[in-house]
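Report on the structure given below.
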Amino acid sequence: MSEQTRLTARAVADALADRLADPRAIPVGDLPGESRHVNVSEVEAGTLGRGHSGISLLFSSRATGNSAAAAHGHLQRCSQLLRKLPQPGIGMQAHLTGLGFAMLAARTATGGYGQALAQLDGHICRAAEVLCAPATAGSRELDRFDAISGLTGIGRYLLLRGEPVVRTTEKVLDRLTSMALEGTGPSASAGGDLPAFWADEPPSPYFAADSDVARHGHLNLGLAHGIPGPLVLLSLAHAQGIRRPGLPEAVERLSGLLVDWVQYDAYGPFWPGYLSRSEFLTGTLAAPRTRQFRWCYDVPGVARALQIAGRATDRSDWTALAGEAVAAALSVPVEEWGETGMGVCHGWAGVLHLLGHFTDGPHATAVRAARDDIATRITDGFDEAFRFGYRPAHADNPHGGDYPGLLDGAAGIALALDSYADEGRQAFPWDAAFLAA
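Counted from 1, the sequence shown has number 338 at position 316 by my numbering; the numbering is strictly sequential.
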């Protein structure tokens, strides 16, 4: 990258951090005259994805005196909000695991938080063990196992937490391993069996009621909600030397599914976002799919999952396919990418950060050039007039919103710009919250 591009990225990240530093400056709920742009409820304000714990990650990652104080302020505010909730969410991007993850980042930066983490661990472990119970047909939901709300995201926190929660970590790994091995063998589709990761719901509420996925569910292939998430968690556990029965075979099965369902267009390999029942059982897509360029679906998210699995198990064929998929995506004209947001989940910040894991190898030159272009696109989009520099539109808020948080707002954008400016150096893997590390 050029020095000017790096400095501009840092300057925009600094400007975003300045606007996010004071927890009292984060608007919650509908404010008079601003309701169309304020889209963080009091419940969301206590989450990692959209609230204070996610914002604290930005300041923990900066590890200066003022930043440490800002991180602590956001963690305190999050804790206060959680005390008001009768049933806080458990998942990584929700309340309890999200707060634990953010406190672990703060502990890495400054020490402390030991007692608070121990208290949270008790709640998180109990909830995780409940989720480990097998689901029955008709009640199989993505949020039981996915990276956002389910066992995969919770398991990623537990893996980082280490020895204090090892018993529950093993239970989560064993449950995900069992699910990975169920209905994914060579003869499974021929016998009409569906994988244990099958969801009885459609990928989104926008599918017609008479569609195959609305009537029979789907197998999700995205990193946020699908099988790439468990693949990452199991692969990282294996890479850390954790040995559980069936775990290597589970990594093989899940990676095999991604290899089997890779699609090719004029540019090269990519992944569909989901499979319907008829598609899974016949082994053929009912209709061609279009590419997506996001953390949550397709490249670079799925490619990163396959890269992690390949590196954990010395499978150069998987890492090669991941690299080829990234190179293919970068050869698509940028006007066909369809990205309009700036955030991590659906936008340019997520693509920028994930591409940082592909800056070595045969496609390094193209990846580095693309990252420079994307960083410039993000910094050029910064608008001083907006409360948090950007006002992205979402399906639930077409007017655009002032989003401060990690998942789709300013904190995530700032973290991605910081990581870009630092060339990936980070004391704590904040992107583990996205199963990207």
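For every residue, glycine included, the Cβ atom is placed at its ideal position computed from N, Cα and C.
Spatial neighbours of residue i within its chain, please: CB distance less than 7 Å, with the 5 preceding and 5 following residues excluded, ordered by chain position.
i, result
"I400", "M364, W370, A371, L374, I435 and L439"
"S229", "In the sequence as presented, Ser is not what sits at residue 229; that position holds Phe. If we look at F229 and ignore the five residues flanking it on each side, its Cβ neighbours are V235 and A236."
"E301", "L307 and A308"
"E445", "none"
"T341", "Q329, G332 and R333"
"G383", "G345"
"R99", "P45 and H74"
Tell me the rounded alpha-carbon separation between residue i and residue j.
i, j, result
"S441", "T30", "13 Å"
"P54", "E64", "Summary for P54: the model assigns pLDDT 49, below 50, so the residue's position carries little reliability, and this model does not support an answer."
"L377", "A349", "10 Å"
"A90", "T191", "29 Å"
"G70", "E346", "Here residue 70 is Leu; the residue named in the question, Gly, does not match the sequence. L70 and E346: Cα-Cα distance of roughly 33 Å."
"S200", "R166", "14 Å"
"L437", "G290", "30 Å"
"A67", "H94", "15 Å"
"H145", "F123", "13 Å"
"D320", "R148", "33 Å"
"R390", "T381", "6 Å"
"A386", "A433", "27 Å"
"D453", "A459", "6 Å"
"V62", "L164", "23 Å"
"R129", "S101", "16 Å"
"P250", "L243", "6 Å"
"L253", "G136", "30 Å"
"W293", "K106", "42 Å"
"G360", "V354", "11 Å"
"A85", "A131", "6 Å"
"A388", "L279", "28 Å"
"A443", "A392", "14 Å"
"V187", "P310", "44 Å"
"V324", "L457", "10 Å"
"E185", "R275", "28 Å"
"L181", "M125", "15 Å"
"P227", "V284", "25 Å"
"G113", "P156", "18 Å"
"G403", "A261", "39 Å"
"P108", "I396", "42 Å"
"L303", "Q141", "45 Å"
Apart from the five residues just before and just after residue i, which ones in its own chain have a Cβ nearer than 8 Å to its Cβ?
i, result
"L195", "G177, L255, L256, A259, I264, R266 and L269"
"P394", "What sits at residue 394 in the sequence shown is Asp, not Pro. Answer for D394: M23, S24 and T27, listed in chain order."
"F408", "D424"
"K193", "A150, E151 and C154"
"N88", "A43"
"D405", "G411, Y412 and R413"
"L198", "F167, L173, T174, G177, P252, L255, L256 and A272"
"T398", "T27 and T30"
"L104", "G68, P110, H117, L118 and L121"
State the CB to CB distance for the pair residue i and residue j, rounded to an integer number of angstroms; the pair is presumed to be in contact (CB under 8 Å).
i, j, result
"D168", "H74", "Wrong, their Cβ atoms sit about 23 Å apart, outside the cutoff."
"A272", "L203", "6 Å"
"G239", "D222", "4 Å"
"A21", "F315", "With the chain running from 23 to 459 in the structure shown, residue 21 is simply not present."
"G427", "R72", "4 Å"
"S19", "G111", "Past the boundaries of the shown model lies residue 19; the chain is included only from 23 to 459, so the question cannot be answered."
Where does residue i land, buried or exposed, given buried means 16+ other C-beta within 10 angstroms?
i, result
"A449", "exposed"
"Y286", "exposed"
"Q115", "buried"
"D143", "buried"
"R189", "exposed"
"S338", "exposed"
"P414", "buried"
"R162", "buried"
"S233", "exposed"
"A39", "buried"
"T92", "Checking the sequence shown, residue 92 turns out to be Ala, not Thr. Buried, by the Cβ-count rule."
"P217", "buried"
"A47", "exposed"
Within a Cβ cutoff of 6 Å, which residues of the same chain sit near residue i, ignoring the five residues on either side of it in sequence?
i, result
"H96", "P45, H74, I77 and S78"
"D430", "G365 and C367"
"P225", "H240 and Y296"
"A127", "L79, S82 and F450"
"A327", "L245, P250, L253 and V254"
"S277", "A331 and W340"
"D215", "G205"
"L139", "M125"
"Y179", "T119, G122 and F123"
"R41", "F410"
Under 8 Å between C-beta atoms, does residue i make it to chain C?
i, result
"G251", "The structure shown contains no chain C; it is built from a single protein chain."
Practice task
For the stretch 30 to 40 and the stretch 69 to 79, state whether three or more C-beta atom pairs, one from each stretch, are separated by less than 8 Å.
Solution key: The stretch 30 to 40, when compared against the stretch 69 to 79, does not touch it at the 8 Å Cβ threshold.
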